[in-house]
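Under the working numbering, think of the first position of the sequence shown as 1076, with each following residue one higher. Working notes for the structure below.
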Amino acid sequence: MLGLGKDWWRVIRALDKLSCFYDELNSVISLGRDKELRKVAARNLGNLNGIVLDAGAGNGAMTKAVLAENPNVNLVVMLDFLPEMLKKADVERSVCEKVIGVFEAIPLRNGSVDGVVMAFSLRDAYDMKVALQNIKRVMKDCGRLAILELGKPDHALKRFLVALYWRFIAPMLAFIKLGRKGLLAYEIYPTYTKMPKNSELVGLMKTFFENVRVKKKMLDGVLLISTSHS
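Quick look at the structure:
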């Protein structure tokens, strides 16, 4: 099974502890590129009208990028399992609706959203295959999906360097910048180890979606995936 499986609860508890300084941590461990990458992911939705699901919305950073880059969006449904994360989301209430739930059982009707975004959240799925099935279920025909996620390079040397970064360098940078709480960045490494290699993830995407396009960044350690519901 692709996904966190039995490690899901441990990772969720760690994410809950991160809720108070999530933006700071993201900025540090992404080497200041998190906002730029979210903007690119938001643009990958295209010029959408209607409803967008932000799956794994957290504190709303991706939602803000969607609204900034896609002015014709009428509503963003912010889905997250952690109420504390959603409480921290400082977003425009008139165009955002916060929903507590998991990817494997999204509490939305079939074909109810025009687009879906996921920013660094697919890897936190209990079961990645079931999560993608549910994402496809709630999308309208010709709906758009944009994913920003950590990548596990196919090239052995790149894979070693990216793993080294998440296991040692990212927690060290977070500790220097944020103090002891920054050491929680180490919890990212187990989620990285559970990720499939980039080619395997793209193959999984192609079992559910058409026109899968991928851009790789940062030694192939970050993926920008865009696709559509046939």
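For every residue, glycine included, the Cβ atom is placed at its ideal position computed from N, Cα and C. Just so you know, these numbers come straight off a predicted model, no measurement behind them.
Output yes or no for whether 7 Å exceeds the beta carbon distance between residue i and residue j.
i, j, result
"Ala-1206", "Phe-1178", "yes"
"Val-1191", "Leu-1220", "yes"
"Val-1213", "Ile-1181", "yes"
"Ser-1274", "Asn-1286", "no"
"Arg-1168", "Met-1270", "no"
"Met-1203", "Leu-1077", "yes"
"Gly-1226", "Asp-1295", "yes"
"Arg-1242", "Tyr-1264", "yes"
"Ser-1094", "Lys-1173", "no"
"Lys-1291", "Asp-1229", "no"
"Ala-1249", "Leu-1100", "yes"
Give the range of the beta strand (DSSP E) segment to which residue i is assigned.
i, result
"Gly-1218", "1214-1225"
"Arg-1288", "1285-1292"
"Leu-1142", "No beta strand (DSSP E) contains Leu-1142, which is instead part of the alpha helix (DSSP H) from 1136-1144."
"Ile-1175", "1171-1175"
"Ile-1300", "1297-1303"
"Asn-1149", "1148-1155"
Comparing alpha-carbon positions, which option in the options lies nearest residue i?
i, options, result
"Arg-1184", "Leu-1239, Val-1148, Lys-1211 and Gly-1278", "Lys-1211"
"Leu-1390", "Met-1270, Ala-1132 and Met-1293", "For residue 1390 there is no data in the structure shown, the boundaries of the chain being 1076 and 1305."
"Arg-1255", "Lys-1092, Ile-1087, Asn-1122 and Val-1237", "Lys-1092"
"Val-1148", "Trp-1241, Asp-1189 and Ser-1196", "Asp-1189"
"Phe-1195", "Val-1152, Gly-1080, Met-1076 and Ile-1300", "Ile-1300"
"Leu-1128", "Leu-1100, Leu-1112, Met-1203 and Ile-1175", "Ile-1175"
"Arg-1118", "Pro-1146, Leu-1258 and Ser-1094", "Pro-1146"
"Arg-1088", "Leu-1157, Asp-1229 and Pro-1246", "Leu-1157"
"Asp-1155", "Arg-1288, Ala-1200 and Lys-1081", "Ala-1200"
"Lys-1081", "Thr-1266, Leu-1106 and Lys-1290", "Thr-1266"
"Met-1153", "Leu-1142, Lys-1163, Ala-1130 and Pro-1246", "Ala-1130"
"Leu-1079", "Leu-1276, Thr-1268 and Val-1237", "Thr-1268"
"Leu-1120", "Glu-1159, Val-1237 and Ile-1222", "Ile-1222"
What is the C-beta distance between residue i and residue j, in whole angstroms, given that I count them as a contact (C-beta under 8 Å)?
i, j, result
"Cys-1135", "Asp-1165", "It is worth fixing the name first, because residue 1135 is Gly in this sequence and not Cys. Correct: roughly 7 Å between the Cβ atoms."
"Glu-1262", "Val-1103", "Incorrect: roughly 14 Å between the Cβ atoms, too far for contact."
"Pro-1246", "Ala-1260", "5 Å"
Starting from residue i, trace the alpha helix (DSSP H) both ways and give me its first and last residue.
i, result
"Asp-1091", "1083-1093"
"Met-1319", "What is shown of the chain runs 1076 to 1305, which leaves residue 1319 out entirely."
"Glu-1159", "1158-1162"
"Val-1237", "1231-1239"
- [ ] Scan the stretch 1096-1124 and note each continuous alpha helix (DSSP H) run of 4 residues or more that stays entirely inside, going in chain order.
- [x] 1097-1104 and 1109-1118
- [ ] Would you mind listing the alpha helix (DSSP H) stretches within the stretch 1249-1279 that are 4+ residues and don't spill past its ends, in chain order?
- [x] 1263-1269, all fully within the stretch 1249-1279.
Task: Unbroken stretches of the beta strand (DSSP E), 3 residues or longer, contained in the stretch 1177-1216 - done: Listed in chain order, the complete beta strand (DSSP E) runs (minimum 3 residues) inside the stretch 1177-1216 are 1188-1194.
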